Amino acid sequence: MTDDSRAMAIEGVRFFGEMSASISHEIKNVLAIINENAGLLQDMVMMIEKGMPLSPERLSGLAQSIIRQVNRGDRIVKGMNRFAHSADHPTETVDIGEAIHFISMLAARLIAMKGEAPQIDVPDAPVTAVINRFFLEDLVWTCLCRAMDARAPDQTVCIVAEKVENAARIRFCGLSGDFLANEAGLPSPRETMVAGLLGIQLKADREKGEIGLILP
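Sequential numbering from 79 applies to the sequence shown in this note's numbering.
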């Protein structure tokens, strides 16, 4: 195994681990709420056994709460399954806008910890690229983290997907130019490595306050 392939393998495991840890945390939250509802249900059974009146509405409300959490858990697991299948193919035709929406949904908990969710602006007609889906998701997530850390005051980070000539472009806008100027590590070796593997040009533009990705 070459140094480059070893580094990419380590990066892939790191990214997969980061997303899996966040997803498993969300699943634990769902299970905790269902367990709490189960405890309430046991209390209600005890009340009935003691002859205390219990309205059907309370039981119905509890059942609806459990159903909501089951549906939430189902969505989380489906998202994790879809993420796992991102690594199925070395290259494939990827809808860039769809990939941005997906990684934003998958990492919703991590995004919420950083602040306001980004605004996503994609055209009606799909913008596509033949690329490795898994590492594209990795790079989009890495750049989104950078963008949220570099968000200008009173600005919302905006992710824009667009077609330019014979390529596709992703822009992370609403960033502080001063942050970009002072962030000597942008792009970092990690971002440079992933972008290089994908044949993507990565550039931070201080004047426009954005990070740009040009996809072949």
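Built from N, CA and C at the ideal position, the CB exists for glycine as well. These figures come from a predicted structure and were not determined experimentally.
1) Going by DSSP, what residue range makes up the alpha helix (DSSP H) through Asp-121?
2) According to DSSP, simplified to helix, strand and coil, what is Thr-169?
3) Under 8 angstroms between the Cβ atoms of Thr-206 and Ile-181?
4) Whole angstroms are fine: how far does the CA of Ile-112 sit from the CA of Ala-99?
5) Would you report the Cα separation of Asp-283 and Glu-269, rounded to the nearest angstrom?
6) Would you report the Cα separation of Leu-276 and Lys-106, rounded to the nearest angstrom?
7) Where do the ends of the beta strand (DSSP E) carrying Val-242 lie?
8) In terms of residues, what are the limits of the alpha helix (DSSP H) holding Val-155?
9) For Ala-273, is the classification buried or exposed, using 16 other Cβ atoms within 10 angstroms of its Cβ as the cut-off for buried?
10) Based on Cα-Cα distance, which residue from Glu-89, Val-155, Leu-137 lies nearest to Ser-102?
11) At least one CB of chain B closer than 8 angstroms to the CB of Phe-250: is that the case?
12) According to the Cβ coordinates, are Asp-227 and Glu-89 closer than 8 angstroms?
13) Please determine, among Gly-255, Pro-231, Thr-220, the residue with the shortest C-alpha to C-alpha distance to Ile-248.
14) Write down the C-beta distance between Leu-71 and Phe-161 rounded to the nearest angstrom, noting that I regard them as a contact closer than 8 angstroms.
15) Find out if the Cβ-Cβ distance for the pair Ile-278, Leu-264 is shorter than 8 angstroms.
16) Between the Cα of Ile-209 and the Cα atoms of His-179, Val-200, Val-238, Ala-165, which residue gives the shortest distance?
17) In the DSSP assignment, the alpha helix (DSSP H) including Asp-216 goes from what residue to what residue?
For this structure:
1) First-last of the alpha helix (DSSP H) with Asp-121: 81 to 127.
2) Coil at Thr-169, not helix or strand.
3) With contacts defined as CB atoms closer than 8 angstroms, Thr-206 and Ile-181 fail to qualify as a contacting pair.
4) About 20 angstroms.
5) If you take the alpha carbons of Asp-283 and Glu-269, they lie about 16 angstroms apart.
6) Each residue's alpha carbon lies about 34 angstroms from the other.
7) In the DSSP annotation of this structure, the continuous segment of the beta strand (DSSP E) that includes Val-242 starts and ends at 236 to 242.
8) Looking at the DSSP string, the run of the alpha helix (DSSP H) that includes Val-155 is 134 to 162.
9) Buried, by the Cβ-count rule.
10) Ranking Glu-89, Val-155, Leu-137 by Cα distance to Ser-102 puts Val-155 first.
11) This model lacks chain B altogether, as it is built from one protein chain only.
12) Against a cut-off of 8 angstroms, the Cβ pair of Glu-89 and Asp-227 comes out as no contact.
13) With distances taken between Cα atoms, Ile-248 lies closest to Thr-220.
14) The shown model of the chain, from 79 to 294, leaves out residue 71, and the question about it has no answer.
15) Contact check for Ile-278 against Leu-264 fails: the beta carbons are separated by 8 angstroms or more.
16) If we check each option's Cα against that of Ile-209, Ala-165 comes out closest.
17) Following the DSSP letters along the chain, one finds Asp-216 inside the alpha helix (DSSP H) bounded by residues 211 to 227.
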